[in-house]
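Asks:
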Amino acid sequence: MGRLNEILHELGISKVKLAKFLGVSRQMIYNYLELDDINKWPKDKKVLLLNLLGVKSPEEIDNIKVDTDYIVEVESRIETLFENSNKSNFNTDDIYNGLNDKNKELLANIIDLLKEYLEDEENAGHYNTLLYLYHFLQSISNTKELKYILGYISKAAGFTKPLEFVFDEEDQFVFESIMFSAMTLYNGGGVSSNKIAEAHKRFVDKIEQRMEEKIGRTLALNSLKIQALKELGYTEINDDNAAEVLQKIAEIESRKIS
Numbered sequence: 524m525g526r527l528n529e530i531l532h533e534l535g536i537s538k539v540k541l542a543k544f545l546g547v548s549r550q551m552i553y554n555y556l557e558l559d560d561i562n563k564w565p566k567d568k569k570v571l572l573l574n575l576l577g578v579k580s581p582e583e584i585d586n587i588k589v590d591t592d593y594i595v596e597v598e599s600r601i602e603t604l605f606e607n608s609n610k611s612n613f614n615t616d617d618i619y620n621g622l623n624d625k626n627k628e629l630l631a632n633i634i635d636l637l638k639e640y641l642e643d644e645e646n647a648g649h650y651n652t653l654l655y656l657y658h659f660l661q662s663i664s665n666t667k668e669l670k671y672i673l674g675y676i677s678k679a680a681g682f683t684k685p686l687e688f689v690f691d692e693e694d695q696f697v698f699e700s701i702m703f704s705a706m707t708l709y710n711g712g713g714v715s716s717n718k719i720a721e722a723h724k725r726f727v728d729k730i731e732q733r734m735e736e737k738i739g740r741t742l743a744l745n746s747l748k749i750q751a752l753k754e755l756g757y758t759e760i761n762d763d764n765a766a767e768v769l770q771k772i773a774e775i776e777s778r779k780i781s
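If you're matching positions, the sequence shown starts at 524 in my numbering and goes up one per residue.
Written as structure tokens, this is what we have:
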């Protein structure tokens, strides 16, 4: 089994991709790989794995030589399976409508991974982690640095080459350099506790200020909405009067400016 793990690593086959190939959860893959003999795997999963590796018996695994040709061969088998699977799934699920095959596969992989996290109800942290991820995605279009964070993580985890820049190269380069310095300090513990406390207090103050500003804008907008409805003789906004109410709100705001 040790050699099997080495081969999967050399092939670049992640636990998520292997789980998808075998039609099981990622946790089940970990359970399989912890067994001391592949013959203890369910027979259908063992056959699928042997077919993926291009061998006829578990004993042949030790003789596998991972070279360029072999990697291409295995990748071809995986992609063929995924393409056939995606074609059958994507045509029946509205969530994939309007996406090309490449984007469909990426979304499917993300959904599979998220589902596995949420299915693990024993780990309450998974829910909060994905909730924060949801907030992250909601904010990513308004804050370019969030994209740089993703790039940094991808590089630090070894998925992306360190000198690959898909966003603004200069900005991303500077951000990654600062991020690396910050992570080095965090892991090395080279900053005094007093300075850390001061920095976190500034962080808290900044967030609270933004929240207060957001509440203020919400209250102001609500006040404008109430005034607009009153002047138009309406009691609420609906599909029929929404455009008129918004126009009236803009008019009321212009009065204040002038």
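Every residue gets a Cβ at the ideal spot worked out from N, C-alpha and C, and that includes glycine.
Bear in mind that the values here come from a model prediction, so they are computed numbers and not experimental data.
So within the segment 657-687, which uninterrupted alpha helix (DSSP H) runs reach at least 4 residues, ignoring any that extend past its ends?
Replies: The qualifying runs are 667-679.
Asks: Give the DSSP-derived three-state secondary structure of Arg549 in the structure shown.
Replies: As a position in the sequence shown, residue 549 is number 26, starting the count at 1. Residue state, collapsed to three classes: helix.
Asks: By the three-class DSSP mapping on this structure, what secondary structure does Tyr757 have?
Replies: To locate residue 757, count along the sequence shown from 1; it is residue 234. The answer is coil: DSSP assigns Tyr757 none of H, G, I, E or B.
Asks: Any chance the segment 549-564 sits against the segment 585-598, with 3 or more Cβ pairs inside 8 angstroms?
Replies: The segment 549-564 vs the segment 585-598: no contact.
Asks: With a cut-off of 8 angstroms on the beta carbons, I'd call Val768 and Ala743 a contact; round off their distance for me.
Replies: Working through the sequence shown from its first residue, we reach residue 768 at position 245. Working through the sequence shown from its first residue, we reach residue 743 at position 220. No, Val768 and Ala743 are not in contact; Cβ-Cβ is about 16 angstroms, not under 8 angstroms.
Asks: Using the beta-carbon count (16 or more within 10 Å), is Ile749 buried or exposed?
Replies: As a position in the sequence shown, residue 749 is number 226, starting the count at 1. Exposed, because fewer than 16 other Cβ atoms sit within 10 Å of the Cβ of Ile749.
Asks: Rounded to a whole number of angstroms, what is the C-alpha to C-alpha distance between Ile775 and Gln732?
Replies: Along the sequence shown, one-based indexing puts residue 775 at 252. Along the sequence shown, one-based indexing puts residue 732 at 209. So the two alpha carbons sit approximately 27 angstroms from each other.
Asks: Under three-state DSSP, which class holds Gly648?
Replies: Along the sequence shown, one-based indexing puts residue 648 at 125. In this structure, Gly648 counts as helix in the three-state DSSP scheme.
Asks: Taking 8 angstroms as the line, does the beta carbon of Glu699 fall inside it for any heavy atom of the ligand PLP?
Replies: You won't find the ligand PLP in this model; it holds no ligand whatsoever.
Asks: I'd like to know whether the C-beta atoms of Ser662 and Leu669 end up nearer to each other than 9 angstroms.
Replies: Walking along the sequence shown from the start, residue 662 turns up at place 139. Walking along the sequence shown from the start, residue 669 turns up at place 146. In contact: Ser662 and Leu669 (Cβ atoms closer than 9 angstroms).
Asks: If you draw a straight line from the C-alpha of Gln695 to the C-alpha of Asn764, how long is it?
Replies: Numbered from 1 along the sequence shown, position 172 holds the residue referred to as residue 695. Numbered from 1 along the sequence shown, position 241 holds the residue referred to as residue 764. Gln695 and Asn764: Cα-Cα distance of roughly 45 angstroms.
Asks: Is it right to say Ala542 is buried, meaning 16 or more other beta carbons lie within 10 angstroms of its own, or is it exposed?
Replies: Here residue 542 refers to the residue found at position 19 of the sequence shown. So Ala542 counts as buried.
Asks: In angstroms with no decimal places, state the Cα-to-Cα distance between Ile730 and His723.
Replies: Taking the first residue of the sequence shown as 1, we reach residue 730 at position 207. Taking the first residue of the sequence shown as 1, we reach residue 723 at position 200. Rounded to the nearest angstrom, the two C-alpha atoms are 11 angstroms apart.
Asks: Just to confirm before moving on: does the CB-CB distance between Ala631 and Tyr640 stay below 9 angstroms?
Replies: Indexing the sequence shown from 1 puts residue 631 at position 108. Indexing the sequence shown from 1 puts residue 640 at position 117. No, the Cβ-Cβ distance between Ala631 and Tyr640 is not below 9 angstroms.
Asks: State yes or no: is the C-beta of Gly674 within less than 9 angstroms of the C-beta of Glu699?
Replies: Within the sequence shown, numbered from 1, the residue matching residue 674 stands at position 151. Within the sequence shown, numbered from 1, the residue matching residue 699 stands at position 176. Cβ distance < 9 angstroms, so Gly674 and Glu699 count as in contact.
Asks: For Phe544, count neighbouring Cβ atoms within 10 angstroms of its own Cβ and tell me buried if that reaches 16, exposed if not.
Replies: By 1-based counting over the sequence shown, the position of residue 544 is 21. Buried: at least 16 other Cβ atoms inside 10 Å.
Asks: Need the endpoints of the alpha helix (DSSP H) that Ser704 sits in, please.
Replies: Looking up residue 704 in the sequence shown gives position 181. Note, Ser704: alpha helix (DSSP H), Glu692 to Gly711.
Asks: Return the CA-CA distance between Glu759 and Lys538, expressed in angstroms with no decimal places.
Replies: Start at 1 with the first residue of the sequence shown, and residue 759 comes out as number 236. Start at 1 with the first residue of the sequence shown, and residue 538 comes out as number 15. Whole-angstrom Cα-Cα distance: 52 angstroms.
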